[in-house]
Amino acid sequence: VTAELTKNPDYKGFANRKNNAVTIRYFEKSSEMVNALKSKEIDATYRGLTAEEVVGLEDKKEDNNGLQIIETTGADIRFLVFNPKDPAAAKPAVRKAIAHIVDRDALVAKVYRGTAEPLYSM
15 VTAELTKNPD YKGFANRKNN AVTIRYFEKS SEMVNALKSK EIDATYRGLT
65 AEEVVGLEDK KEDNNGLQII ETTGADIRFL VFNPKDPAAA KPAVRKAIAH
115 IVDRDALVAK VYRGTAEPLY SM
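Every position in the sequence shown, counted from 1, becomes a number in my numbering once 14 is added.
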């Protein structure tokens, strides 16, 4: 599935347009997006890659046909949700105890392969 965004001929802003259109392409699987990046079928991606795929692209820079990887801070947050109807999870002390035993640094290192930062909140 694709969407093409074309320039507005009535645009009066300050942006220095470099092209006449942008095509947005949607992928069902992130692996398809990785292959499209490697083969230069697409020019960029925003979100959608797994931590394994990002690390794989970084580890094999010489095989990536000149692909540059630029990482920025994202707005994605992963969190643990408790069922408040569960008698144990309804207790603040239980939730705090679980929050204390979760090794956020290990999750970032092993699950997210260092592509994330741990958050701390209650």
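Using N, Cα and C, we set each Cβ at its ideal position, and we do this for glycine too. Predicted model, so just to flag it, every value in this text is computed and none were measured.
Counting only the Cα atoms, residue 117 lies some 12 Å from residue 131. Residue burial annotation: residue 48 is buried, with at least 16 other C-beta atoms found within 10 angstroms of its C-beta. Taken in chain order, the complete beta strand (DSSP E) segments of 3 residues or longer contained in the segment 31-81 are 35-39. Residue 17 sits in a strand when the DSSP states are folded into three classes. In terms of Cβ geometry, residue 59 and residue 37 do not form a close pair [threshold 8 Å]. In the three-state reduction of the DSSP assignment, residue 116 falls in the coil class, being assigned neither a helical nor a strand state.
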